[in-house]
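**Q** One structure coming up, written as structure tokens, with questions to follow.
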Amino acid sequence: MDSDCTALYCYSVLTRRFRISTGSIAAIMMLLTAGLLRAQGGQAGHAQIPHFEVTSVKPCDPKAGGRGGDPVPGRLFVKCSSVRDLITMAYRDYADGRTPVGLRLGSSVNPITGGPAWISSAFYEINAKPEGSPSPGMMRGPMLQGLLEDRFKLRIRREVKDAPVYGLNVAKGGFKLKPLADGGCVPRNDTGTTSQASGQRRCGGTNINFGRAGGTLELTGVSLAEFSRDIQNFVDRPVLDKTGIIGLFDFRLEFASDENTPGLAPGNPAAESSSRPSLFTALQEQLGLKLEAAKGPNEFLVIDSIERPSEN
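Okay, structure coming up:
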């Protein structure tokens with residue numbers, strides 16, 4: 474197994490590739506994470522990972538010029554981001570150097586604990602030129618980790634412990650979808666891309682259409698474990714696949730935002746007249762699935778120390 478594997482990434486691989494149940498994986502992930510931290514001394518290993526040759530880290534005001542960043546070929550450019558968001562990008566979304574499949578937006582995934590309050594209120598613009606031609610996922614993940622540890626003196630570790638979760642189970646009446654036939658979609662490669670021919674569908678495709686009143690989530694060729702990971706973006710805790718169902722499926726889910734979906738923008742008066750059901754109701758009515766509160770493993774990112782960045 475790849476030593477750069479993060480706990481939740483390995484969790485997805487084990488459930489998707491080897492069809493191991495979530496119950497069996499919980500103990501495995503505890504041991505895996507502990508072993509990785511001992512091997513890495515609590516820090517991400519940067520051996521054989523390219524570095525940035527030139528880096529610019531400047532304080533910025535998100536109200537002055539907006540947030541985010543336009544892709545710049547061959548560079549890492551983050552227009553104006555909080556330190557918390559930078560840590561989330563580096564150690565969660567792109568931690569393994571790959572472009573993530575699906576959403577992976579929810580704060581319930583790898584929640585960050587520790588650190589001073591300013592990691593949420595201090596914003597920085599980053600413009601970094603790499604050595605060689607690393608992939609965008611490599612720059613936003615392992616290479617950004619190195620930048621944060623160098624310029625922000627970040628010391629961070631991963632800790633897996635029991636926490637509130639939702640278990641995704643089959644609802645009364647049974648699961649309503651049928652698995653895709655073999656070859657029903659083109660798998661992604663390790664970079665998160667596909668080499669699909671014209672007319673072929675991509676496994677892991679995502680189509681999102683959401684407003685303040687809710688919207689539609691469509692996923693193409695994903696497992697129940699991957700579907701669980703994606704819907705946890707909308708709720709207040711991780712979602713673990715407890716169905717025991719294997720195979721790839723096409724999902725279409727229409728639901729409205731409400732107090733149980735903090736991952737969506739809060740509703741407005743228009744939402745009250747929405748004909749869409751809540752997420753919990755939509756799962757049962759449209760897919761034959763249900764979310765049940767439970768306890769389960771979740772991986773936390775724990776900040777041991779961090780400093781404001783040095784001058785350029």
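Heads up: the sequence shown begins at 474 in the working numbering, then just goes up one per residue. The beta-carbon is built from N, C-alpha and C at its ideal position, and this holds for glycine as well. Just so you know, these numbers come straight off a predicted model, no measurement behind them.
1) Quick check: what's the CA-CA separation for F722 versus S778?
2) Hey, could you find the ends of the beta strand (DSSP E) R631 is sitting in?
3) For V427, which three-state DSSP category applies?
4) In three-state DSSP terms, what is L650?
5) When the Cα atoms are used, what is the spatial distance from K626 to S608?
6) Give the straight-line distance between the Cα atoms of L549 and K602, rounded to the nearest whole angstrom.
7) Going by the beta-carbon positions, is the gap between V775 and R571 smaller than 8 Å?
8) Find the nearest neighbour of R675 within the set G694, N682 and L690, judged by alpha-carbon distance.
9) Any chance the region 748-768 sits against the region 613-627, with 3 or more Cβ pairs inside 8 Å?
10) Among G640, S594, G588 and P546, whose alpha-carbon lies nearest the alpha-carbon of F753?
11) Confirm, please, whether the CB-CB distance from P637 to R710 is below 8 Å.
12) If you reduce the DSSP assignment to three classes, tell me which class K715 lands in.
13) Which residue's Cα is closest to the Cα of V551: Q521, I592 and M612?
14) For the putative contact between L692 and F648, defined by C-beta atoms under 8 Å, what is the C-beta separation to the nearest angstrom?
15) Let me check understanding here. Comparing Cα to Cα, which of G677, I522, G656 and R557 lies closest to D569?
16) Please state whether DSSP places R675 in a helix, a strand or coil.
17) DSSP three-state call for A766: helix, strand or coil?
18) So, T734 versus F707, is the Cβ gap smaller than 8 Å?
19) Nearest to S529 by CA position, among G614, N642 and N600, is which residue?
20) Using the DSSP secondary-structure output, state which residues sit across from F550 in a beta bridge.
21) Who are the Cβ neighbours of A767 in its own chain at under 6 Å, not counting the five residues just before and after it?
22) Give the straight-line distance between the Cα atoms of E604 and V527, rounded to the nearest whole angstrom.
23) DSSP three-state call for G665: helix, strand or coil?
24) Spell out the partners DSSP gives K531 in its beta bridges.
25) What's the C-alpha gap between K536 and S554?
26) For S593, collect the residues of the same chain with a Cβ closer than 6 Å to its Cβ; drop the 5 residues on either side in sequence, then sort them by chain order.
27) Kindly give me the distance between the Cβ atoms of V755 and E727, rounded to whole angstroms, as I take these residues to be in contact under 8 Å.
**A** According to the structure shown:
1) The residue given as residue 722 occupies position 249 in the sequence shown. The residue given as residue 778 occupies position 305 in the sequence shown. Computed Cα separation, rounded: 43 Å.
2) Position 158 of the sequence shown, counted from the first residue, corresponds to residue 631. That run of the beta strand (DSSP E) goes R628 to V643.
3) What the structure shows of the chain is the stretch from 474 to 785, and residue 427 is not part of that stretch, so it cannot be assessed.
4) Residue 650 sits at position 177 when you count from the first residue of the sequence shown. L650: coil per DSSP, three-state reduction.
5) For the purposes of this step, residue 626 is taken as the residue at position 153 of the sequence shown. For the purposes of this step, residue 608 is taken as the residue at position 135 of the sequence shown. If you take the alpha carbons of K626 and S608, they lie about 25 Å apart.
6) Residue 549 sits at position 76 when you count from the first residue of the sequence shown. Residue 602 sits at position 129 when you count from the first residue of the sequence shown. Roughly 7 Å separates the two Cα atoms.
7) Sequence index remark: in the sequence shown, residue 775 carries index 302 (1-based). Sequence index remark: in the sequence shown, residue 571 carries index 98 (1-based). No.
8) In the sequence shown, the residue the question calls residue 675 occupies position 202. Answer by Cα proximity: G694.
9) no
10) Your numbering for residue 753 matches position 280 in the sequence shown. Out of G640, S594, G588 and P546, G640 has the C-alpha closest to the C-alpha of F753.
11) To locate residue 710, count along the sequence shown from 1; it is residue 237. To locate residue 637, count along the sequence shown from 1; it is residue 164. Yes, the pair counts as a contact, with Cβ atoms nearer than the cut-off.
12) Position 242 of the sequence shown holds residue 715. If DSSP states are grouped into helix, strand and coil, K715 belongs with coil.
13) As a working mapping, residue 551 is identified with position 78 in the sequence shown. Nearest option by C-alpha distance: M612.
14) What you label residue 692 is simply residue 219 of the sequence shown in a count that begins at 1. What you label residue 648 is simply residue 175 of the sequence shown in a count that begins at 1. So it is not a contact: roughly 15 Å between Cβ atoms.
15) Your numbering for residue 569 matches position 96 in the sequence shown. Out of G677, I522, G656 and R557, I522 has the C-alpha closest to the C-alpha of D569.
16) The residue given as residue 675 occupies position 202 in the sequence shown. Strand at R675.
17) Numbered from its first residue, the sequence shown carries residue 766 at position 293. Residue state, collapsed to three classes: strand.
18) Taking the first residue of the sequence shown as position 1, residue 734 is located at position 261. Taking the first residue of the sequence shown as position 1, residue 707 is located at position 234. Cβ atoms of T734 and F707: closer than 8 Å.
19) By one-based count along the sequence shown, residue 529 stands at place 56. It is N600.
20) Within the sequence shown, the letter at position 77 stands for residue 550. For F550, which the question treats as bridged, DSSP gives the partners N600.
21) Reading the sequence shown from its first residue, position 294 is the one you call residue 767. Closer than 6 Å at Cβ, skipping near neighbours: V638 and G640.
22) Your numbering for residue 604 matches position 131 in the sequence shown. Your numbering for residue 527 matches position 54 in the sequence shown. Answer to the nearest angstrom: the Cα atoms are 9 Å apart.
23) Residue 665 sits at position 192 when you count from the first residue of the sequence shown. Because the pLDDT of G665 is 46, which lies under 50, any placement of that residue in the model is unreliable, and the question is left without a value.
24) As a position in the sequence shown, residue 531 is number 58, starting the count at 1. Beta-bridge pairing links K531 to E598.
25) As a first step, residue 536 is located in the sequence shown; it is residue number 63 there, counting from the start. As a first step, residue 554 is located in the sequence shown; it is residue number 81 there, counting from the start. Taking the straight line from one Cα to the other gives about 11 Å.
26) Taking the first residue of the sequence shown as 1, we reach residue 593 at position 120. Cβ within range, chain order: S555 and R557.
27) Start at 1 with the first residue of the sequence shown, and residue 755 comes out as number 282. Start at 1 with the first residue of the sequence shown, and residue 727 comes out as number 254. The question names Val, but residue 755 in the sequence shown is Ala. Indeed they touch by this definition, with Cβ atoms about 6 Å apart.
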